[in-house]
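Residue numbers (my numbering): 3 to 215. Glycine included, every Cβ here is placed at the ideal spot set by N, Cα and C. Nothing here was measured: the structure is a model prediction, and the numbers come from that model. Report on the following structure.
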């Protein structure tokens, strides 16, 4: 199969179906739906559940500051990495095929980050779980970053919509920071979590602690 030919607008190919699926997935992150996790849904007011005991505004602002610093570090590291990839593409060291393969690798890596182990969580963000992750909705933006270098309606439309979802997420964090911290939103606490997407991570951590013990 000619992967390069897939990015052309003429002719229906298997990856065009993937394109449609990804469009719907990103739209679902902007419009609330029950089919997405609390990590994404926490941005919406309908999922905000204030604690019975008042929380400290100072603690909230401290958390916001720490998470914003972490997010900036992630953005910087991601920009540097993909700038290097972009330069190699512009120098014809790699081609469109390689960019698509890198995007596919990012997609698989995103699944691993959610279910097994996330380097951003462990080394930069230090958040307790994916549900509490400050950059949870950055996933599609990060996955689709290589697409910005491919001159195609399909690649640019995907990246453009991921930017819209990212901006929508960031504006909500700016306006409603209390929705994104477990101290001010009880929906993000383990006792109220129905996602169970961190079970494997917890199991691996438990096993590692046992080995160290």
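If you check the beta carbons only, do residue 198 and residue 28 fall under 8 Å apart? no
Taking 8 Å as the threshold (C-beta atoms), are residue 44 and residue 168 in contact? no
If you draw a straight line from the C-alpha of residue 16 to the C-alpha of residue 96, how long is it? 23 Å
Using the rule of at least 16 other Cβ atoms within 10 Å of the residue's Cβ for burial, across every protein chain shown, is residue 138 buried or exposed? buried
Rounded to the nearest angstrom, what separates residue 215 and residue 192 at their Cα positions? Model confidence at residue 215 stands at a pLDDT of 37, short of 50, so the residue's coordinates are unreliable; what they give is reported in the following sentence. C-alpha separation (whole angstroms): 25 Å.
Would you call the segment 110–121 in contact with the segment 65–73, where contact means no fewer than 3 C-beta pairs closer than 8 Å? The answer is no - the segment 65–73 does not touch the segment 110–121, with fewer than three Cβ pairs under 8 Å.
Looking at the secondary structure, which residues open and close the alpha helix (DSSP H) in which residue 152 lies? It is not in any alpha helix (DSSP H) - residue 152 carries neither H nor E in the DSSP assignment.
Using the Cα positions of residue 21 and residue 158, report the straight-line distance between them to the nearest angstrom. Looking at the backbone, the Cα of residue 21 and that of residue 158 are separated by about 11 Å.
What do you reckon, are the CB atoms on residue 160 and residue 149 nearer than 8 Å? yes
Quick one: grab the DSSP three-state call for residue 200. coil
Output needed for residue 1: all residues of its chain with C-beta closer than 7 Å, excluding positions within five of it in sequence on either side, in chain order. Lying before the first or after the last residue shown, residue 1 is absent from the chain, which here runs from 3 to 215.
Three-state secondary structure (DSSP) of residue 179: helix
Whole alpha helix (DSSP H) runs in the segment 98–126 with 4 or more residues, listed along the chain? 98–117
Between the Cα of residue 104 and those of 93, 118, 203, 86, spot the shortest distance and give me the residue it belongs to. 86
Look up residue 49 in the DSSP assignment and say whether it is helix, strand or coil. helix
Quick one, are the C-beta atoms of residue 151 and residue 101 less than 8 Å apart? A contact, by the Cβ cut-off of 8 Å.
For the ligand GTP, is there a heavy atom less than 7 Å away from the beta-carbon of residue 161? Because no ligand of any kind appears in the structure shown, any question about the ligand GTP cannot be addressed here.
Residue interval of the alpha helix (DSSP H) (run including residue 29): 16–32
So, at 7 Å on beta carbons, what are the nonlocal neighbours of residue 84 in its own chain, with the 5 sequence-adjacent residues on each side left out? 147, 148
Straight-line Cα distance separating residue 47 from residue 175: 12 Å
Cα-Cα separation, residue 89 to residue 109: Between residue 89 and residue 109, the C-alpha separation is close to 21 Å.
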